[in-house]
Amino acid sequence: MLPGIYLSGSGPMTDAQRESAAALYAGPACVLTGLAALRQYGVRVPSSDRVDVLVPDAVRRQSSEFVRMHRTTRLPEKPAHYGGIRWAPVARAVADATRGDIGLSEARALVAGAVQQRACTVGALAAELEAGPKRGSGVLHAVLTEVADGVRSAAEGDLHKLIKASKLPEPMYNAQLYVDGKFLAQPDAWWPDAGVAGEVDSREWHLLPAQWARTMARHAAMTAKGILVVHVTPRQLRTQPARVAADLRSAIEVGTSRPRLEIRAIAQA
């Protein structure tokens with residue numbers, strides 16, 4: 001499997017076997033991180049055979065085969081212990097995963113998955129970004145900047161990007177809407193002058209059926225108050241961005257041609 005590490009038996013290696021081999025190869029001071037650690041915590045990750053390993057800066061063992069070694073002076077102080085292996089905390093694992101050869105969309109999905117599954121908080125990710133090396137941190141910085149703007153999931157991040165690229169009027173993201181002092185909804189994007197709400201619809205970003213049902217009820221409530229709701233899916237954002245932009249632009253034009261709705265919007269803090 002690796003220099004000095006052998007697998008007894010035949011057949012393809014499992015993730016657990018690769019992780020155990022990586023820990024044996026790297027030595028007792030190592031901590032597994034990145035996608036392998038996130039998979040251990042139950043966070044959905046893209047398929048990868050690579051195992052990222054943190055080792056003390058004095059260790060000179062080189063990366064080999066599927067193991068990528070990372071020498072560091074900042075080993076996690078309180079790693080988790082599972083199966084005789086030490087694992088980096090979730091926020092550290094996300095940060096290390098996004099410093100590799102990973103795209104912005106995949107990084108958004110990792111952050112969204114970790115936060116929505118309550119494996120870590122946005123604050124913990126921001127603290128890890130601040131404490132870690134600046135080199136290779138651009139992707140995570142970009143994703144957390146989107147979060148700071150109110151974008152709460154990978155799909156909503158794609159919507160944010162499309163709105164900017166299409167030069168549509170800048171909406172309020174995740175604004176809380178009130179009618180006659182009563183809370184109505186919190187759409188993904190809100191154009192107050194037009195009374196238009198942009199919503200990303202996908203079971204993929206709602207972990208429980210009850211969450212999906214609440215989303216559908218929210219859509220019905222907004223429509224009843226005269227809001228023009230434009231529904232898009234993550235797939236449409238990726239494969240038909242021009243069509244999505246055209247639908248949003250058309251709705252905004254229709255909305256601005258009518259009297260403004262009596263809806264109060266409060267921006268997300």
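Under our numbering, the letters of the sequence shown match residues 1 to 269, in that order.
C-beta atoms are modelled at their ideal positions from N, C-alpha and C, and glycine is treated no differently.
Source: prediction; values computed, not measured.
Residue range of the unbroken alpha helix (DSSP H) whose run includes residue i
i, result
"P234", "234-239"
"R92", "90-98"
"R60", "Where R60 is concerned, there is no enclosing alpha helix (DSSP H), given that its DSSP letter is neither H nor E."
"L32", "Not the alpha helix (DSSP H): L32 falls in the beta strand (DSSP E), residues 31-33."
"R18", "15-26"
"V122", "122-131"
Residue from the options whose Cα sits closest to the Cα of residue i
i, options, result
"R68", "A97, C120, A80", "A97"
"P3", "P12, Q240, A22", "A22"
"V31", "T223, M1, H160, P89", "P89"
"A93", "Y41, D57, A155", "Y41"
"G113", "V45, R99, R86", "V45"
"I85", "G100, G11, L35, L24", "L24"
Nearest-angstrom beta carbon gap, residue j and residue i [assumed within contact, 8 Å]
i, j, result
"A26", "R61", "6 Å"
"L104", "V59", "Rounded, the Cβ-Cβ distance is 32 Å, inconsistent with contact."
"Y178", "R260", "Not confirmed; about 15 Å, so no contact."
"P241", "V200", "Wrong, their Cβ atoms sit about 13 Å apart, outside the cutoff."
Beta-carbon proximity list for residue i, same chain, < 7 Å, skipping 5 on both sides
i, result
"R18", "D49, V51, F66"
"A245", "L162, S166, L168"
"L126", "One point to set straight first is that residue 126 is Ala, not Leu, in the sequence displayed. Only L144 meet the Cβ criterion."
"L208", "Because L208 carries a pLDDT of 43, less than 50, the predicted location of this residue cannot be relied on, and no value is offered for it."
Cβ-based neighbour list, residue i, same chain, cut-off 8 Å, excluding 5 preceding and 5 following
i, result
"H70", "T33, D52, V53, L54, V55, D96"
"Q236", "R243, V244"
Neighbourhood of residue i by C-beta, 6 Å cutoff - its chain only, sequence neighbours within 5 removed
i, result
"P171", "A189, W190, W191"
"V181", "Per the sequence shown, residue 181 should be read as Gly rather than Val. Contacts found: none."
First and last residue of the uninterrupted beta strand (DSSP E) at residue i
i, result
"R86", "85-87"
"D276", "The question about residue 276 has no answer here: the residues shown for the chain are numbered 1 through 269."
"A185", "182-185"
"Y178", "176-179"
"G198", "196-200"
"I163", "Segment 154-165 is the alpha helix (DSSP H) holding I163; no beta strand (DSSP E) there."
"Y6", "Careful: Y6 lies outside any beta strand (DSSP E) and carries neither H nor E."
Cβ of residue i within 9 Å of any chain C Cβ
i, result
"V111", "The structure shown contains no chain C; it is built from a single protein chain."
*asked:* Check whether the region 186-196 and the region 214-231 are in contact - that is, three or more C-beta pairs closer than 8 Å.
replied: yes
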